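Just so it is clear: in the sequence shown, position 6 is 1387 by this note's numbering, and no numbers are missing. For glycine and all other residues, C-beta sits at the position ideal for the given N, C-alpha and C. From a predicted model like this one, the values you see are computed outputs, not experimental measurements.
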Amino acid sequence: MTNPKSPVYIISKGRHETMITSRSLSRMKVPHYITIEPQDENNYEAALDNFNIRDYVTLLIAPFSNHGDGPGRARNWCWDHAISIGAEKHWVLDDNISDFYRLHQNLRIRVESGVIFKAAEDFIDRYENVPISGFQYRFFIAPNQSYPPFVTNTRIYSTLLIDNKCKHRWRGRYNEDTDICLRVLKDGDCTIQFNAFLQGKAATQTVKGGNTEEFYHKEGNLEKEKWRDGTLNPVGTINKSQMLVDMHPDVARMVWKYDRWHHYVNYDSFKATALRFKPGIDISKFPKVNNYGMKLVNNYKG
């Protein structure tokens, strides 16, 4: 089996002209759901044929639209859908991820199947206290440095594997990924961020549609003409960062970095929380190396 056993959901709004994540997953032959709002249905239906990805996509029409309170509502709705079909976990992805990668000997190598999702699931299944895990961003991994295969007890962004029994749900209009991870960590559980598996995530505010139109540019009062010419709004993330600081003042603060506002979270207080194996897990019985059938192909033409 080369595909994930847990259902995969993409939350998308107003991005039928790009379909970045869905096109990547479809190229990898990974079946997935795209959750959209009712007003977007016709455009997304047409996009499935325009991009020739219909064989791998099931559209889910959420029972709400233009509510203005962030993607958390759609993510919680996908969570409920996953439970309704009997899944123990689910993947939830942003809609602006262009390709997935395996980090191998400091090379960030694009993968052409869903096997990295399956490998991540199998690894997480060893533990009883990891309700949230996911992939690191490709641009945070420099090819001239070395990295461990995974890091524990930090934030997970954009590609998340969530245990459906996790008691914390999505909330807040902004930065909901960091918020839900912090609540998990404050409960004494762990998160795992894979460096071995990476996502090619687009930078915040650079893809038309989604939160870019609905929140950041509107609240920063940036003229759309300037934005479409490629100019970022330097104050467009102020409210996003401030909300997280307000929810977690014990570990979060505001910082000005890279010409715009960011939040900074200190995760040091969670680093001592240890992973716990499920009863009966004996890692000595696992193969020392399992490549899940992956082979390195030079000059791949797919």
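| Check | Outcome |
| --- | --- |
| Rounded straight-line distance, which links the Cα of Gly-1569 to that of Thr-1654 | 7 Å |
| Where Gly-1449 falls, given that 16 or more other Cβ within 10 Å makes a residue buried | exposed |
| Classification of Trp-1551 by the beta-carbon crowding that lies within 10 angstroms, buried from 16 upward | buried |
| Nearest candidate by alpha-carbon position, reference Lys-1582, set Phe-1651, Ile-1490, His-1549, Phe-1516 | Phe-1516 |
| As assigned by DSSP and simplified to three states, the class of Trp-1551 | coil |
| Nearest neighbour of Val-1565, chosen from His-1471, Arg-1519, Phe-1578, Ile-1543 [CA to CA] | Ile-1543 |
| Member of Pro-1452, Ser-1446, Ser-1407 whose CA lies at the smallest distance from the CA of Asp-1436 | Ser-1407 |
| Validate contact between the stretch 1466 to 1480 and the stretch 1402 to 1416 using beta carbons, cut 8 Å, 3 pairs | yes |
| Cβ-based neighbour list, Pro-1529, same chain, cut-off 7 Å, excluding 5 preceding and 5 following | Asn-1576 |
| For Lys-1470, the first and last residue of its enclosing beta strand (DSSP E) | 1470 to 1474 |
| Close beta carbons around Ala-1427, own chain, < 8 Å, minus the five adjacent residues each side | His-1397 |
| CB of Arg-1491 within 8 Å of CB of Ile-1392, strictly | no |
| Bridge partners - Leu-1440, DSSP secondary structure assignment | Ile-1415 |
| Span of the beta strand (DSSP E), counted from its first residue to its last, around Leu-1566 | Taken as a continuous stretch (DSSP letters only), Leu-1566 belongs to no beta strand (DSSP E), being part of the alpha helix (DSSP H) at 1557 to 1567. |
| Asn-1556 versus His-1549: straight-line alpha-carbon distance, rounded | 15 Å |
| Nearest candidate by alpha-carbon position, reference Ser-1650, set Val-1678, Lys-1567, Leu-1579, Lys-1666 | Lys-1567 |
| C-beta contact flag for Lys-1499 and Asn-1424 at 8 Å | no |
| Classification of Asn-1534 by the beta-carbon crowding that lies within 10 angstroms, buried from 16 upward | buried |
| Same chain only: Cβ atoms within 7 Å of Arg-1507, ignoring 5 sequence neighbours per side | Phe-1658, Lys-1659, Ile-1662 |
| Residue of Asp-1503, Thr-1416, Arg-1554, Pro-1452 minimising C-alpha distance to Met-1400 | Thr-1416 |
| Beta-bridge partners of Ile-1478, as assigned by DSSP | Lys-1582 |
| Runs of beta strand (DSSP E) lying entirely within the stretch 1626 to 1650, each at least 3 residues, in chain order | 1633 to 1638, 1641 to 1646 |
| For Leu-1542, three-class secondary structure by DSSP | strand |
| Where Tyr-1425 sits in the DSSP three-state scheme | helix |
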